[in-house]
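Below: the structure, in structure tokens.
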Amino acid sequence: MGLNNKNNNMVVLNVCFLLVFLVGVTTARMDLSLLKSNHHHSSDESSEPCCDSCICSYYSQPRRCECGDIRLNSCHSACKSCICDENSEPALCLCADTTEFCYKPCESMDGMNKF
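According to mature numbering (1 follows the signal peptide of the UniProt record, and there is no 0), the stretch in the sequence shown is residues -28 to -1, 1 to 87, in order.
Have a look at this one:
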């Protein structure tokens, strides 16, 4: 009985995650040809990496985590693959790195350059 309940919860969680992902993808209106990846060494970037919306896949070994935070003008200092929409003012940036962990939350940090 407990195993079936756990399996049902996992199925519901997976379906919810898939729905949120599909809604995000279908409502995105960024022109990918306008994205540039030269912002990760900007002078106004955060000196300490953090993430408020980290999503991890626990089904892969090692687990894979991605940060969904959008920042203004640059990504955090540890980001290796920063993607920025140069047509917005200020530029909206997303770190496209995949890690095995989540950075600590930004909300408790002072001076963050977060959108």
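Heads up, the beta-carbon is just placed ideally off N, CA and C, and yes, glycines get one too. Just so we're clear, the structure is a prediction, and the values are computed from it rather than from any experiment.
Coarse secondary structure for residue i, derived from DSSP in three states
i, result
"Asp57", "strand"
"Ser29", "strand"
"Cys65", "strand"
"Arg35", "coil"
"Thr71", "strand"
Pair within 7 Å by beta-carbon distance, residue i and residue j
i, j, result
"Asp24", "Pro77", "yes"
"Cys67", "Cys26", "no"
Inter-residue Cα distance where the pair is residue i and residue j
i, j, result
"Asn45", "Glu38", "19 Å"
"Gly83", "Glu20", "Because the pLDDT of Gly83 is 46, which lies under 50, any placement of that residue in the model is unreliable, and the question is left without a value."
"Thr70", "Gln33", "13 Å"
"Arg36", "Ile55", "19 Å"
"Cys22", "Lys52", "14 Å"
"Cys47", "Asn59", "16 Å"
"Tyr30", "Glu72", "10 Å"
"Ile42", "Glu79", "13 Å"
"Gly40", "Ala50", "15 Å"
Top-ranked residue by Cα proximity to residue i, from the options
i, options, result
"Cys65", "Asp57, Thr71 and Glu72", "Asp57"
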